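Enquirer: This is the structure I have questions about; it appears just below.
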Amino acid sequence: MIESTTTTPSDFYGGSRILLEGIIDEFLSCIGMIRRYQKSQTGWDPISSSTSRVKSPESMREKLIRDGLEPTLQNALAHEHDAAGVRLICPMVDDVYRTAELIRAIPDVTILREKDFIAHPKPNGYRSYHLVLSVPVFLSDHKELVRVEVQLRTIAMDFWASLEHQIHYKASHEVPDCVVGELRECADIISQTDQRMQRLSKQIRCMEDKKD
5 MIESTTTTPS DFYGGSRILL EGIIDEFLSC IGMIRRYQKS QTGWDPISSS TSRVKSPESM
65 REKLIRDGLE PTLQNALAHE HDAAGVRLIC PMVDDVYRTA ELIRAIPDVT ILREKDFIAH
125 PKPNGYRSYH LVLSVPVFLS DHKELVRVEV QLRTIAMDFW ASLEHQIHYK ASHEVPDCVV
185 GELRECADII SQTDQRMQRL SKQIRCMEDK KD
């Protein structure tokens, strides 16, 4: 069973870290196979790159406290869904939705939560597609179901989100409304660029299909 107690930040996850790291490895291995198969069938890889992490003990404790929960491992695993996280960066918007479809088709994977922040951006302009999955990890004598949060973004969305995070991280006080407004405007411009790049990609593919 997953451990449910902890004391210091350094051992917050205890033996459960093996499961969290294992679920990331298991999921990325499956994604790697999907990418290879898609490229062999279509000539197009729907994913440009990926990153992953186990949420730091400090960040998890802070999140639990913000959510009004005691900062324990039991609460982290029972009430939070992003202890294990994977980010998939896709070339185009269509690739984000295609990848989400491919993830839905993975055997034994259950989607617990799904949010489309591309069709419905956050007020600050943030765009991404979020999935919370329950994925089995097979151990020597039993199977554990572990949750992993998957974020799917285009390259452009990831560029904006990374810079937006840096601006807020470096700010010593609350970011002024004028800056927040400009960030939202930049997000809208980037979204428009994503759509234009998508159209250009489709035009080029149509031209290539006609040649064949």
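For the sequence shown, this note's numbering begins at 5 and goes up steadily by one. Beta carbons are placed, not taken as given, at the ideal position from N, Cα and C, and that holds for glycine. All of these numbers come straight from a predicted model, not from anything done at the bench.
Could you check the C-alpha separation between Thr158 and Ser52 for me, to the nearest Å?
Expert: Those two C-alpha atoms are separated by around 9 Å.
Enquirer: Cα separation between Lys43 and Leu92?
Expert: So the alpha carbons of these two residues sit roughly 16 Å apart.
Enquirer: Which residues bound the beta strand (DSSP E) around Glu118?
Expert: Residues Thr114 to Asp120.
Enquirer: What did DSSP end up calling Ala82 once you bin it into helix, strand or coil?
Expert: In the structure shown, Ala82 sits in a helix (DSSP, three-state: H, G or I).
Enquirer: Given that a residue counts as buried once 16 or more other Cβ atoms are within 10 Å of its Cβ, and exposed if not, what is Leu187?
Expert: Label assigned to Leu187: buried.
Enquirer: Among Glu168, His85, Leu77 and Ala104, whose alpha-carbon lies nearest the alpha-carbon of Ser138?
Expert: Ranking the options by Cα distance to Ser138, first place goes to His85.
Enquirer: Spatial neighbours of Ser132 within its chain, please: CB distance less than 8 Å, with the 5 preceding and 5 following residues excluded, ordered by chain position.
Expert: Here the set comprises Phe121, Ile122, Gln155, Leu156, Arg157, Met161 and Ala165.
Enquirer: With DSSP as the reference, please indicate the residues paired to Ile93 in a beta bridge.
Expert: Paired residue(s): Ser53 and Arg157.
Enquirer: Is Leu68 near Ser54, with beta carbons less than 8 Å apart?
Expert: For Leu68 and Ser54, no; Cβs fall outside 8 Å.
Enquirer: So who's on the other strand from Ala88, going by DSSP bridges?
Expert: DSSP, once it has assigned bridges, lists Val58 as partnering Ala88.
Enquirer: Tell me whether Arg151 sits in a helix, a strand or coil according to DSSP, three-state version.
Expert: Correct three-state label for Arg151: strand.
Enquirer: Hey, would you say Ile256 sits closer than 8 Å to Ala88, going by beta carbons?
Expert: Residue 256 falls outside the range modelled here, since the chain spans only 5 to 216, and no answer is possible.
Enquirer: If contacts are defined as beta-carbon pairs under 8 Å, then Pro75 and Tyr17 qualify, I think. What distance do you get, rounded to the angstrom?
Expert: Actually they are not in contact, since the Cβ atoms of Pro75 and Tyr17 sit about 12 Å apart, beyond 8 Å.
Enquirer: When we look at the beta-carbon of Ala82 and count the other beta-carbons within 10 Å, is it buried (16 or more) or exposed?
Expert: Ala82 should be labelled exposed.
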